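Reviewing the structure listed below.
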Amino acid sequence: MTIGRRHPEPAPGSGSGVSIGGNNTAPIQNVTGDHISHIRQSASTQSTTDIETVRSLLASFRSDVERHAATLPHAEALRAMADTVDSSLATPSVQQPTVLRQIAQTLPALVVGTVVQQGGEALAQAVGALLS
Numbered sequence: 001m002t003i004g005r006r007h008p009e010p011a012p013g014s015g016s017g018v019s020i021g022g023n024n025t026a027p028i029q030n031v032t033g034d035h036i037s038h039i040r041q042s043a044s045t046q047s048t049t050d051i052e053t054v055r056s057l058l059a060s061f062r063s064d065v066e067r068h069a070a071t072l073p074h075a076e077a078l079r080a081m082a083d084t085v086d087s088s089l090a091t092p093s094v095q096q097p098t099v100l101r102q103i104a105q106t107l108p109a110l111v112v113g114t115v116v117q118q119g120g121e122a123l124a125q126a127v128g129a130l131l132s
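Position one of the sequence shown corresponds to residue 1 (the working numbering), numbered consecutively onward.
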């Protein structure tokens, strides 16, 4: 006596790649159902950032840092970085690219998980794009 009906599993390699239960052995597919394999990602890094964009982001970042200074663990370091970016943009020097590159690399780590994360990351990306 059969108590329940068992539905056969779909054949491997067919279906949408989404399973409610059982082994999901279907290949990965994109939205149109084409099989995906040997995919490489790339992005164009054409710089469209100018000094005025960086200055605008810098002013916004400074405002955010001042507004939330009491809750920021590295407020003094963030202020110093903002001052360095500002002075580097005002008076270009031979050391400017190195200093700005270091700030672009360091700033995201200092703002991660803080209320100024978005502005800090935007500033770091703009500074990095300005140098490229």
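We put the beta carbon where it would ideally sit given N, CA and C, even for glycine. Just so you know, these numbers come straight off a predicted model, no measurement behind them.
Between residue i and the rest of its own chain, which residues show a CB-CB distance below 8 Å, the 5 nearest in sequence each way excluded?
| i | result |
| --- | --- |
| residue 77 | 110 |
| residue 97 | 131 |
| residue 81 | 103, 106, 107 and 110 |
| residue 51 | 89 and 130 |
| residue 121 | 107, 108 and 111 |
Indicate the three-state DSSP secondary structure (helix, strand or coil) for residue i in the structure shown.
| i | result |
| --- | --- |
| residue 102 | helix |
| residue 50 | coil |
| residue 97 | helix |
| residue 72 | coil |
| residue 56 | helix |
When the distance is taken between beta carbons, is residue j closer than 8 Å to residue i?
| i | j | result |
| --- | --- | --- |
| residue 54 | residue 127 | yes |
| residue 104 | residue 124 | yes |
| residue 60 | residue 119 | yes |
| residue 58 | residue 94 | no |
Ignore the nearest five residues each way along the sequence and tell me which others in residue i's own chain have a CB closer than 7 Å to its CB.
| i | result |
| --- | --- |
| residue 87 | none |
| residue 72 | 65, 78, 114 and 116 |
Hey, is the segment 52-70 in contact with the segment 102-117, meaning 3+ C-beta pairs nearer than 8 Å? Contact between the segment 52-70 and the segment 102-117 is present, because at least three Cβ pairs lie under 8 Å.
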